[in-house]
Amino acid sequence: MTLSNEGQKITEDYLELTQTETEELSVSIVFGRLLCDLGEYDKSKKYFEQLLNDSPKEDCAWIEFNIGRALSFKCEWNQAREYYNRAYDLMMKNKPTRVKDSAWILNNIGAILRDQKKYDEALNYFLQALKIREKFYSYDSVHIAHVLNNI
Numbered sequence: 001m002t003l004s005n006e007g008q009k010i011t012e013d014y015l016e017l018t019q020t021e022t023e024e025l026s027v028s029i030v031f032g033r034l035l036c037d038l039g040e041y042d043k044s045k046k047y048f049e050q051l052l053n054d055s056p057k058e059d060c061a062w063i064e065f066n067i068g069r070a071l072s073f074k075c076e077w078n079q080a081r082e083y084y085n086r087a088y089d090l091m092m093k094n095k096p097t098r099v100k101d102s103a104w105i106l107n108n109i110g111a112i113l114r115d116q117k118k119y120d121e122a123l124n125y126f127l128q129a130l131k132i133r134e135k136f137y138s139y140d141s142v143h144i145a146h147v148l149n150n151i
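In structure tokens:
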């Protein structure tokens, strides 16, 4: 296998794993997440801001969430919370309400609060996320493991 074939295989595996883990996200959103996962937080944030402005068909709640995610990795917690709050509001106003997806936001807000050493408040968010995920996933799911790892 050549280096370019290996790179293509790694990319395909990453996209498949991320889409499986995050469920139903478009390739555009997965690409922005990849930038963030590679440590390119500013590029990821800029990419998602552009996507928000230029792609009305994309899921605005997930875009806002991922801007918050990039900011969170940069320890820009207040800004990250603003984006997470907007994403949460969009998910809760959606019909039907996107309770299952909201667990991602609650878990990440909990992580911010933990990093700010606000442990009781963080635990509250983690438990909310866990309660939601327990309704939708089996006990051995990676989604539940993410929350338990944070607790």
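Quick note on numbering: UniProt numbering labels position 8 of the sequence shown as 8, and the sequence is numbered without any gaps.
Each residue gets a CB set at the ideal place from its N, CA and C atoms; glycine is no exception.
- Segment contact: the region 54–65 against the region 84–93, three or more CB-CB distances shorter than 8 Å; contact assigned.
- Here the alpha carbon of F48 sits roughly 18 Å from the alpha carbon of C75.
- Counting only runs that start and end inside the UniProt repeat "TPR" (103–136), the alpha helix (DSSP H) elements of at least 4 residues fall at 119–136.
- The alpha-carbon separation between R69 and S26 amounts to approximately 17 Å.
- When only Cα atoms are considered, W104 and A129 end up about 7 Å apart.
- It is roughly 27 Å from the alpha-carbon of A122 to the alpha-carbon of P96.
- Here the alpha carbons of A80 and F73 stand approximately 9 Å from one another.
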